[in-house]
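Report on the structure given below.
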DNA sequence: AGTCTTACCTACCAGTAGGTAAGGAGTCAA
DNA sequence: TTGACTCCTTACCTACTGGTAGGTAAGACT
């Protein structure tokens, strides 16, 4: 399964995924069609079905790839040597990067459409958020132990608040096309939820 | 224009709006069709076009009615005699009620689909959020003056954080079907953003 | 009485949705 | 050189999308 590439061009399947991913993040899963991908890739609709039997499978693969990249990003933060507060800021900056591309978080978008999605996609979305909360919880717990962070309530609750706070900030900032709006909300969220001593609201995220 | 009702039934136009509203809040604007409303109301698709020329106009009317009800709810909170913290809790409980119906906030859902919507709907969505932030800003400012609330940064920024925090908490809690999850995030949000003295995280919202 | 309006109907439209069947061109190893 | 394999094509399918044309029954207005 060495997956040797035929031409110099990137493998079609991953180009399909790139386009589909952007379409989901911008228009939602119910807001695009196979025809949209086909015309952009200058390929026939039928070819898409060769690579992904149906839209449901395409959606599954999309979430899997996105979650995988997220896992990698979190692992990179873990090995960055930052303190807990720095790790939380790095986490928020992942979201800011998504917004700079004028996109919604893939799983945040799919969360809105949750009830219309096939079961496997629903399960994968839940897994994504669980995974994020597990990571945040451990960062928060360690930060609290080390005295770098101080917050009330459980680390798990705080983690949930961070995820939903950032997803909401993305959701609302996008119609305004305003990255600063997101950054203000993110900074305030982290400062108030996980500040050590000085609640420095003016600290930049990026 | 006495609008005498033929039968005992409620006016058809508002029943269409009721059904469409629920469909948007649960499935999204791109997640339902005229046929869905027609079959549920046991009426023909063509009749829907009699009441609302197109889906765009239906959407406009939907947002207008929703925003109007929101305005009324905010006015009711204003005259409730609650202190600032109580008003913020009452505000959050509007969102909790939406979630208890297994729905997303109408405008939060439409914010996700923003790029796919006709211009008039886009403008109405922005207006909705602006209106909420204006109201929250004045509650926060007054609360700060009266010493009931204390927070860093501008009241406007804090208002934005509350709106996006609550919308995000709705967005994420819905797939989990977990109202408690929303309430925990909402309480933490209000406590940390606008607490007077004791950061009482265990205070119930409802 | 006649006319206008409201609120619905059936039947239909062009366009698009996701999906399928059958086959052809290029590459490869035997 | 044959056959298998990969990746794509054309040509189609059915179901459904939002929307329209034309008609009808019943009440209200004059």
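Chains as they are written, first to last, in the working numbering: chain Z, 1 to 206; chain W, 207 to 412.
Glycine is no exception: its CB is placed at the ideal position from the N, C-alpha and C atoms.
These numbers come from a predicted model, not from an experiment.
Does the distance between the C-beta of residue 174 (chain Z) and the nearest non-hydrogen atom of the ligand NAP fall short of 6 Å?
Inclusion of the ligand NAP in the displayed structure is not the case, the ligand content being empty and no account of it being possible.
Determine the contact status of residue 327 (chain W) and residue 265 (chain W), defining contact as a CB-CB distance below 7 Å.
In contact: residue 327 (chain W) and residue 265 (chain W) (Cβ atoms closer than 7 Å).
For chain W, find out if any of its Cβ atoms is closer than 7 Å to the Cβ of residue 19 (chain Z); answer yes or no.
Taking 7 Å as the CB threshold, residue 19 (chain Z) stays off the interface with chain W.
Look up residue 281 (chain W) in the DSSP assignment and say whether it is helix, strand or coil.
For residue 281 (chain W), the three-state secondary structure derived from DSSP is helix.
In or out: residue 75 (chain Z) buried (at least 16 other Cβ within 10 Å) or exposed?
Residue 75 (chain Z) comes out exposed.
Beta-carbon contacts of residue 7 (chain Z) that lie in its chain and below 8 Å, excluding the five residues immediately before and after:
A caution first: residue 7 (chain Z) carries a pLDDT of 37, below 50, which makes its placement in the model unreliable, though a value can still be read off. If we look at residue 7 (chain Z) and ignore the five residues flanking it on each side, it has no Cβ neighbours.
For residue 268 (chain W), go through chain Z and note every residue whose CB falls closer than 9 Å to its CB, in chain order.
Within chain Z, no residue has its beta carbon less than 9 Å from that of residue 268 (chain W); the closest one is some 16 Å off.
In this structure, how does DSSP classify residue 178 (chain Z) when only helix, strand and coil are distinguished?
Taken through DSSP and simplified to helix, strand or coil, residue 178 (chain Z) comes out as coil.
Going by the CB atoms, is the gap between residue 239 (chain W) and residue 193 (chain Z) shorter than 7 Å?
The answer is no: Cβ separation not under 7 Å.
My parser needs the alpha helix (DSSP H) runs of 4 or more residues fully inside the stretch 57 to 124 of chain Z; what are they?
Listed in chain order, they are 84 to 100, 106 to 112.
Under 7 Å by beta carbon: chain Z residues contacting residue 367 (chain W)
What residue 367 (chain W) touches in chain Z: 185, 188, 189.
Less than 8 Å between C-beta atoms, sequence neighbours within five positions excluded: which residues of the same chain meet that for residue 262 (chain W)?
If we look at residue 262 (chain W) and ignore the five residues flanking it on each side, its Cβ neighbours are 324, 326, 327.
In whole angstroms, what separates the C-alpha of residue 23 (chain Z) from that of residue 288 (chain W)?
Each residue's Cα considered, the two are about 45 Å apart.
Residues in the stretch 127 to 146 of chain Z having any Cβ partner in chain W nearer than 7 Å
For the stretch 127 to 146 of chain Z, which is checked against every Cβ of chain W, the residues closer than 7 Å are 129.
Over what stretch of residues does the alpha helix (DSSP H) that includes residue 45 (chain Z) continue unbroken?
Element bounds for residue 45 (chain Z): 45 to 51.
Leaving out five residues before and five after residue 211 (chain Z) in sequence, what residues of the same chain have Cβ atoms less than 8 Å from its Cβ?
The first residue shown for chain Z is 1 and the last is 206, placing residue 211 (chain Z) beyond what the model contains.
With distances taken between CB atoms, is the gap from residue 312 (chain W) to residue 385 (chain W) smaller than 7 Å?
Against a cut-off of 7 Å, the Cβ pair of residue 385 (chain W) and residue 312 (chain W) comes out as no contact.
Which class does residue 42 (chain Z) belong to by DSSP, given the choice of helix, strand or coil?
In the structure shown, residue 42 (chain Z) sits in coil (DSSP, three-state: anything other than H, G, I, E or B).
According to DSSP, is residue 398 (chain W) helix, strand or coil?
In the structure shown, residue 398 (chain W) sits in a helix (DSSP, three-state: H, G or I).
Cβ of residue 321 (chain W) within 7 Å of any chain Z Cβ
Interface criterion met: the Cβ of residue 321 (chain W) is under 7 Å from a Cβ in chain Z.
Nearest-angstrom Cβ-Cβ length linking residue 346 (chain W) and residue 357 (chain W), presumed shorter than 8 Å
Between residue 357 (chain W) and residue 346 (chain W) the Cβ distance is about 7 Å, and since that is below 8 Å, they are a contact.
Tell me, please, whether the CB atom of residue 378 (chain W) is closer than 7 Å to any CB atom in chain Z?
Chain Z contact via Cβ: present.
For residue 226 (chain W), the first and last residue of its enclosing alpha helix (DSSP H)
From DSSP, the alpha helix (DSSP H) with residue 226 (chain W) extends over 218 to 233.
Rounded to the nearest angstrom, what separates residue 69 (chain Z) and residue 255 (chain W) at their Cα positions?
Computed Cα separation, rounded: 46 Å.
Could you say which of W:368, W:339, W:376 lies nearest to residue 114 (chain Z) if we only look at CA atoms?
For the residues W:368, W:339, W:376, the minimum Cα distance to residue 114 (chain Z) belongs to W:376.
Can you list the residues of chain Z that residue 363 (chain W) reaches, using a CB-CB cut of under 7 Å?
Chain Z residues near residue 363 (chain W): 184, 188.
Taking Cβ to Cβ, would you say residue 84 (chain Z) is nearer than 7 Å to residue 128 (chain Z)?
When the beta-carbon positions are compared, residue 84 (chain Z) and residue 128 (chain Z) stay at least 7 Å from each other.
Counting only the same chain and skipping the five closest in sequence on each side, list residues whose C-beta sits under 8 Å from that of residue 379 (chain W).
Counting only Cβ-Cβ distances below 8 Å, and skipping sequence neighbours, we find 305, 385, 387, 388, 391.
By Cβ distance below 6 Å, which residues in the same chain neighbour residue 204 (chain Z) in space, the five residues on each side in sequence not counted?
Note that residue 204 (chain Z) has pLDDT 44, beneath the 50 cutoff, so the model's placement of it is unreliable and the number below is only indicative. Excluding five sequence positions before and after residue 204 (chain Z), none of the CB atoms of its chain fall closer than 6 Å to its own CB.
Buried or exposed: residue 157 (chain Z), going by 16 or more other Cβ atoms within 10 Å of its Cβ?
By the neighbour-count rule (16 or more Cβ atoms within 10 Å), residue 157 (chain Z) is buried.
Alpha carbon to alpha carbon, what distance is there between residue 355 (chain W) and residue 341 (chain W)?
C-alpha separation (whole angstroms): 15 Å.
Once the 5 residues before and after residue 247 (chain W) are set aside, which same chain residues still bring their CB inside 7 Å of it?
So the list reads 221, 222, 225, once near-sequence residues are dropped.
Exposed unless 16 or more other CB atoms sit within 10 angstroms - verdict on residue 260 (chain W)
Exposed.
Just mark residue 308 (chain W) as buried or exposed, buried being the case when its beta carbon has 16 or more other beta carbons within 10 Å.
Residue environment for residue 308 (chain W): exposed (fewer than 16 other C-beta atoms within 10 angstroms of its C-beta).
Listed from N- to C-terminal order along the chain, which residues in the stretch 304 to 329 of chain W have their beta-carbon within a distance smaller than 8 Å of any beta-carbon of chain Z?
Within the stretch 304 to 329 of chain W, the residues whose Cβ lies closer than 8 Å to any Cβ of chain Z are, in chain order, 310, 314, 315, 317, 318, 319, 320, 321, 322, 328.
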